[in-house]
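**Student:** What follows is a single structure, and I will ask about it in a moment.
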Amino acid sequence: MRRTAIVVVFVALAGVAVALAFGALANEREFERLIADGDAAVAAERPFEAIEAYSGAISRQADSMLAHYKRGAVYQSQNEIEAALRDFRTASELDPSSLRAMESLGDVNVALARYDRAVERYESFVGLDDRNARVLYKLGLARYRAGRARDAVAPLQQALQIEPDMSEAHYVMGLARRDLNQLAPARKSLEEAARRAPAGQTAAREALADLYLLEGDFGRAINQLEALAALEPARHDRAIAVGLAQVRAGREDAAVITLGRAVERFPDAPQVYAALGHVWLTEAQRRGDRIALMKAVEALSTAARRSDATSETYAELGRALLLAGDRPAAEQALRQSVAKLPVPPDAYLHLADVTSRDGRIQDARDALLNYATLIGDEKPLANIATQIGDYSIRLGEPALAVRWFDRAIDEAGPSPALRARLADAALRAGDVARASQVIDEGLAAEPANRSLQQLKRRIPPR
Numbered sequence: 255m256r257r258t259a260i261v262v263v264f265v266a267l268a269g270v271a272v273a274l275a276f277g278a279l280a281n282e283r284e285f286e287r288l289i290a291d292g293d294a295a296v297a298a299e300r301p302f303e304a305i306e307a308y309s310g311a312i313s314r315q316a317d318s319m320l321a322h323y324k325r326g327a328v329y330q331s332q333n334e335i336e337a338a339l340r341d342f343r344t345a346s347e348l349d350p351s352s353l354r355a356m357e358s359l360g361d362v363n364v365a366l367a368r369y370d371r372a373v374e375r376y377e378s379f380v381g382l383d384d385r386n387a388r389v390l391y392k393l394g395l396a397r398y399r400a401g402r403a404r405d406a407v408a409p410l411q412q413a414l415q416i417e418p419d420m421s422e423a424h425y426v427m428g429l430a431r432r433d434l435n436q437l438a439p440a441r442k443s444l445e446e447a448a449r450r451a452p453a454g455q456t457a458a459r460e461a462l463a464d465l466y467l468l469e470g471d472f473g474r475a476i477n478q479l480e481a482l483a484a485l486e487p488a489r490h491d492r493a494i495a496v497g498l499a500q501v502r503a504g505r506e507d508a509a510v511i512t513l514g515r516a517v518e519r520f521p522d523a524p525q526v527y528a529a530l531g532h533v534w535l536t537e538a539q540r541r542g543d544r545i546a547l548m549k550a551v552e553a554l555s556t557a558a559r560r561s562d563a564t565s566e567t568y569a570e571l572g573r574a575l576l577l578a579g580d581r582p583a584a585e586q587a588l589r590q591s592v593a594k595l596p597v598p599p600d601a602y603l604h605l606a607d608v609t610s611r612d613g614r615i616q617d618a619r620d621a622l623l624n625y626a627t628l629i630g631d632e633k634p635l636a637n638i639a640t641q642i643g644d645y646s647i648r649l650g651e652p653a654l655a656v657r658w659f660d661r662a663i664d665e666a667g668p669s670p671a672l673r674a675r676l677a678d679a680a681l682r683a684g685d686v687a688r689a690s691q692v693i694d695e696g697l698a699a700e701p702a703n704r705s706l707q708q709l710k711r712r713i714p715p716r
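Each number in my numbering corresponds to the 1-based position in the sequence shown with 254 added.
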């Protein structure tokens with residue numbers, strides 16, 4: 255009886271094992287079918303069917319690196335980057351040595367502007383395979399975009415040693431060298447990139463033209479910009495770039511011809527009129543040419559009448575009208591300029607000029623304050639700070655004047671005139687101790703200074 259029971263149990267277990275084996279085999283076959291269906295859908299450019307098939311495969315084998323990777327690749331192709339990131343991350347966790355998962359994780363992190371994380375993934379790849387030029391290039395690019403131009407150079411050099419014809423690596427190398435102020439190597443790299451890049455890829459030529467302009471090599475810059483304009487004749491900004499480069503080269507007549515033709519080809523583009531107005535205004539200022547000035551006003555007025563006119567256009571129109579002596583119209587244009595972002599800082603300077611000429615000191619002072627706020631520490635502000643201080647005294651705000659005279663002294667040094675202004679402002683603000691300190695320091699440096707001596711007599715006795 256016992257022997258019979260054992261046999262029955264054995265047979266039952268064998269049956270279960272067979273059933274499990276059959277089920278596993280069926281599951282494996284279904285998994286393979288779903289993967290094949292997904293691959294077929296990808297080949298037929300049916301991404302949603304592919305995602306559905308790969309998702310079915312994942313439901314059959316949740317620990318399949320392949321299924322997660324393939325679904326992530328489809329999500330990536332559809333620009334569903336977060337979903338792709340999740341799948342690639344899972345694929346990498348399931349197979350930490352998978353190079354394609356590492357590379358794809360780097361790619362989606364770049365797409366999400368997470369450059370430091372992308373660098374980590376590409377570095378992991380390169381740690382396992384340092385002969386893949388494509389990934390070495392991607393590592394250099396990610397480091398460059400992460401603000402690490404110096405660190406970008408080495409992997410780009412490695413990539414170019416493996417594939418010397420890789421134009422995009424030459425391009426990023428040129429950008430990195432430029433940012434490191436290594437202009438000669440940058441120029442060489444960008445020239446290589448422009449020479450090797452397909453005709454439709456213009457980024458290298460654009461960067462090379464900018465570098466030539468930076469170096470003052472206007473002839474070569476104009477050649478590159480003219481080539482770009484020929485490659486993309488339907489873009490008005492290409493013609494504008496040529497004209498503005500010609501102005502920088504001192505070739506105003508050529509710029510007028512270039513932009514005049516652009517106006518004929520692109521009559522609905524206010525940017526072209528604005529650029530032409532800029533050229534005429536430059537010529538008017540350089541030569542004192544009244545006719546050129548009137549042409550500048552005409553072109554800039556045409557650009558400014560458009561609803562999409564920029565703040566820069568209004569500012570240049572205001573400057574032209576100010577030169578033409580039409581202060582009310584100049585002020586109107588300048589106020590339109592400062593009301594529209596981004597504001598060119600010089601618009602506030604010209605607005606201060608207009609309003610101060612009309613005796614509106616409050617408006618002039620406020621315009622200078624706005625200018626100083628926009629400039630920050632980018633440029634010296636000693637003269638502007640002095641003007642703000644002077645206007646603040648006239649407006650009965652000596653405490654504010656003290657702050658700005660202090661800034662003027664910080665930037666320009668303690669001249670006797672600035673010390674006298676600061677001491678006077680401090681006295682008016684009731685800060686006798688500060689005024690005494692400034693006067694004593696000034697007289698120690700220049701004992702015979704009459705302004706400081708007079709201020710000394712205004713100090714009440716202790």
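Note that the Cβ used here is the ideal one computed from N, Cα and C, for glycine as well. Just so you know, these numbers come straight off a predicted model, no measurement behind them.
(1) Could you check what DSSP says for PRO524 in three-state terms: helix, strand or coil?
(2) Could you tell me the alpha carbon to alpha carbon distance between SER646 and GLY394, rounded to whole angstroms?
(3) If you compare alpha carbons, which of ASP349, ALA698, ASN477 and ARG661 is closest to TYR630?
(4) If you run the structure through DSSP and keep just helix, strand and coil, what is ASP620?
(5) Excluding five sequence neighbours on each side, which residues of the same chain lie with their C-beta closer than 6 Å to the C-beta of ALA337?
(6) Please identify the residue among PRO409, GLY401 and LEU437 whose C-alpha is closest to the C-alpha of GLU377.
(7) Among the residues of its own chain, which have a CB less than 8 Å from the CB of VAL262, if the five just before and after it don't count?
(8) Starting from LYS710, trace the alpha helix (DSSP H) in both directions and tell me its first and last residue.
(9) Any contact of the region 377 to 393 with the region 359 to 367, i.e. 3+ C-beta pairs under 8 Å?
(10) Note down the Cα distance separating LEU535 from ALA550, rounded to an integer number of angstroms.
(11) Return the residue from the list PHE285, ARG283, SER331 and GLN708 that minimises the CA-CA distance to ARG300.
(12) For ALA273, which three-state DSSP category applies?
(13) Leaving out the 5 sequence neighbours to the left and right, which residues in its chain are closer than 7 Å to LYS392 when beta-carbon positions are compared?
(14) Would you tell me roughly how many angstroms separate the C-alpha atoms of SER610 and PRO452, rounded to the nearest one?
(15) Got a sec? Which residues, its chain only, sit under 8 Å from GLY684 by beta carbon, not counting five neighbours each side?
(16) Starting from GLU469, trace the alpha helix (DSSP H) in both directions and tell me its first and last residue.
(17) Shortest alpha-carbon distance to ALA558 belongs to which of ASP405, LEU588 and ALA297?
(18) May I ask which residues mark the beginning and end of the alpha helix (DSSP H) holding LEU577?
(19) If we call anything under 7 Å between Cβ atoms a contact, is ALA461 one with LEU467?
(20) Thinking C-beta only, is LEU577 closer than 7 Å to LEU603?
**Tutor:** Quick look at the numbers:
(1) helix
(2) 53 Å
(3) The residue you asked about is not Tyr; residue 630 is Gly in the sequence shown. The residue with the shortest Cα to Cα distance from GLY630 is ARG661.
(4) helix
(5) TYR329
(6) PRO409
(7) The predicted position of VAL262 is uncertain, since its pLDDT is 46 and thus under 50; a value taken from the coordinates is nonetheless stated next. Closer than 8 Å at the Cβ level, and outside the excluded window around VAL262, lies no residue.
(8) 704 to 712
(9) yes
(10) 5 Å
(11) SER331
(12) With a pLDDT of only 46 at ALA273, under 50, the local geometry of the prediction cannot be trusted, and the value read off the model is given with reservation. Of the three classes helix, strand and coil, the one that applies to ALA273 here is helix, per DSSP.
(13) GLY360 and TYR376
(14) 55 Å
(15) none
(16) 457 to 469
(17) LEU588
(18) 565 to 577
(19) no
(20) no
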